[in-house]
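Just add 8 to the spot in the sequence shown (first one is 1) and you have my numbering.
All C-beta atoms in this analysis are idealised placements derived from N, C-alpha and C, irrespective of residue type, glycine included.
Note that the structure is predicted; figures quoted are calculated from it, not measured.
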Amino acid sequence: MKNKHRGELLLFLTSFIWGFAFIAQKLGSDYIPPFTFNFLRNLVAGIFLFFYLIFRRKKSNKKIDAYTKTETIRGAIATGIVMAIAVSFQQIGVYYTTSGKAGFITSLYVVIVPIFAIFMGKKVSKKTGISIILALIGLYLLTVKVEDGFSVNKGDILIFVGSLFFAFHILFIDYYSPKSDSVKMSMLQFFIASFISFCLMILFEKPDINLILKGILAILYLGIFSSGLGYTLQIIAQKDTDPTISSLILSLEAVFAAFFGFLFLKEVPVDREIFGGILMFIAIILSQVPDSLIKKIIKIK
9 MKNKHRGELL
19 LFLTSFIWGF
29 AFIAQKLGSD
39 YIPPFTFNFL
49 RNLVAGIFLF
59 FYLIFRRKKS
69 NKKIDAYTKT
79 ETIRGAIATG
89 IVMAIAVSFQ
99 QIGVYYTTSG
109 KAGFITSLYV
119 VIVPIFAIFM
129 GKKVSKKTGI
139 SIILALIGLY
149 LLTVKVEDGF
159 SVNKGDILIF
169 VGSLFFAFHI
179 LFIDYYSPKS
189 DSVKMSMLQF
199 FIASFISFCL
209 MILFEKPDIN
219 LILKGILAIL
229 YLGIFSSGLG
239 YTLQIIAQKD
249 TDPTISSLIL
259 SLEAVFAAFF
269 GFLFLKEVPV
279 DREIFGGILM
289 FIAIILSQVP
299 DSLIKKIIKI
309 K
């Protein structure tokens with residue numbers, strides 16, 4: 009299998025894993041406070057990858073040069089800090105909203121990246137402008153409750169703030185992953201994120217071992233599959249895949265989240281929310297489709 013196709017397959021698997029992760033987060037939030045939850049899930053992810061690295065080391069004697077080591081550490085610090093912030097907002101927010109809405113709002117990081125470009129003084133294409141407008145309309149329909157005096161669920165707001173930091177996270181990965189040891193960088197970022205969450209847990213929460221045991225399956229799934237495996241697959245896959253294609257495939261996590269929310273949690277969105285989700289998904293896809301492809305389609309018509 010070519011590296012490109014392998015990367016795309018790994019990203020599809022990642023989006024599937026992350027889609028179901030919203031269900032685990034929702035269930036876990038019923039028992040475990042957010043910072044305790046994130047401390048444990050990131051710790052499990054770091055330990056999982058630590059043992060994987062030991063296994064990999066026995067299989068290979070490949071040495072890493074000093075430059076790669078330095079970039080791996082720098083990348084881990086950058087991604088670890090941003091991840092800790094992102095998952096904190098996300099885990100607090102998911103308690104107050106549905107897993108499906110959390111999935112769609114989180115996926116907005118794909119549209120947010122081009123918005124960052126505007127503030128950096130870069131020109132934005134008409135296609136990107138349309139994507140931003142569609143995303144904003146979709147976000148409005150998905151989150152604003154007209155019948156309640158145009159109120160917004162605080163969980164949706166927190167999830168949106170988290171998506172801003174996830175946008176930074178994907179930018180840092182794109183920058184550091186080509187010149188880093190992917191798995192080591194992933195492992196270190198989880199230990200860093202876990203340490204930050206641990207500090208927040210000590211400051212703001214009182215962990216209860218009995219409640220932790222009730223949510224242990226959610227922690228293990230998120231720690232091993234969503235965090236340990238998912239983020240590592242993302243880093244490995246993005247080495248061989250164009251960032252545009254990466255974002256497109258990863259955006260499917262929103263669809264998986266909505267599907268699993270309906271299937272396992274009986275979350276049934278109203279018509280307005282469904283239409284809002286569709287608009288947001290169109291915006292996410294449109295923002296990542298190359299201009300050259302759009303021009304070809306127009307010419308064919």
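Could you tell me which residues DSSP pairs with SER159 in its beta bridges? LYS153
Can you tell me the Cβ-Cβ gap for LYS109 and ASP164, rounded? I've got them flagged as a contact below 8 Å. 6 Å
If you run the structure through DSSP and keep just helix, strand and coil, what is LYS247? coil
Which class does THR136 belong to by DSSP, given the choice of helix, strand or coil? helix
What first and last residue would you give for the alpha helix (DSSP H) that runs through SER295? 279-296
What did DSSP end up calling GLU79 once you bin it into helix, strand or coil? helix
Can you tell me whether HIS177 is buried or exposed, with buried defined as 16 or more other CB within 10 angstroms of its CB? buried
With 7 Å set as the bound, which would you pick, yes or no: does the beta-carbon of MET288 sit closer than that to a beta-carbon of chain B? In the displayed structure, chain B is absent; only one protein chain is listed.
What alpha helix (DSSP H) runs, 4 residues minimum, are completely inside the segment 218-268? 224-228, 240-246 and 251-258
Please determine if the segment 265-276 and the segment 103-119 are in contact, where contact requires at least 3 C-beta pairs separated by less than 8 Å. yes
Are the CB atoms of SER139 and SER295 nearer to each other than 7 Å? yes
With a threshold of 8 Å, are at least 3 pairs of Cβ atoms found where one atom belongs to the segment 205-220 and the other to the segment 15-28? no
TYR184, DSSP secondary structure in three states: helix
Boundaries of the alpha helix (DSSP H) in which LYS131 is found, first to last residue: From DSSP, LYS131 is part of no alpha helix (DSSP H); its letter is neither H nor E.
Is the distance from the Cβ of LEU51 to the Cβ of SER194 below 7 Å? no
Cβ shell of TYR239 (< 7 Å), same chain only, five flanking positions each side left out: SER194
For GLY36, which residues from the same chain have a beta carbon less than 6 Å from its beta carbon, with the 5 sequence-adjacent residues on both sides left out? PHE45, GLY223 and ALA226
Measure the C-alpha to C-alpha separation of VAL191 and ALA84 and round it to an integer number of angstroms. 10 Å
Contact check, ILE31 vs LEU273 under 8 Å by CB: the rounded distance? 6 Å
Find the nearest neighbour of LEU147 within the set VAL297, GLU281, ILE293 and ALA86, judged by alpha-carbon distance. GLU281
Under DSSP, the alpha helix (DSSP H) around ILE113 begins and ends at which residues? 107-114
LYS192 - containing alpha helix (DSSP H), residue span: 190-212
Please go through the same chain and pick out, in chain order, the residues whose beta-carbon is closer than 6 Å to the beta-carbon of SER259, but skip the five residues on each side of it. SER115, VAL118 and ILE292
On the three-state DSSP scale, how would you describe GLU275? coil
With a CB to CB cut of under 8 Å and the five nearest residues on each side skipped, what residues in its chain are close to VAL102? PHE30, GLN33, LYS34, SER37, ALA110, GLY163 and ILE167
On the criterion of 16 or more Cβ atoms from any shown chain inside 10 Å, does SER171 qualify as buried, or is it exposed? buried
Is it right to say THR136 is buried, meaning 16 or more other beta carbons lie within 10 angstroms of its own, or is it exposed? buried
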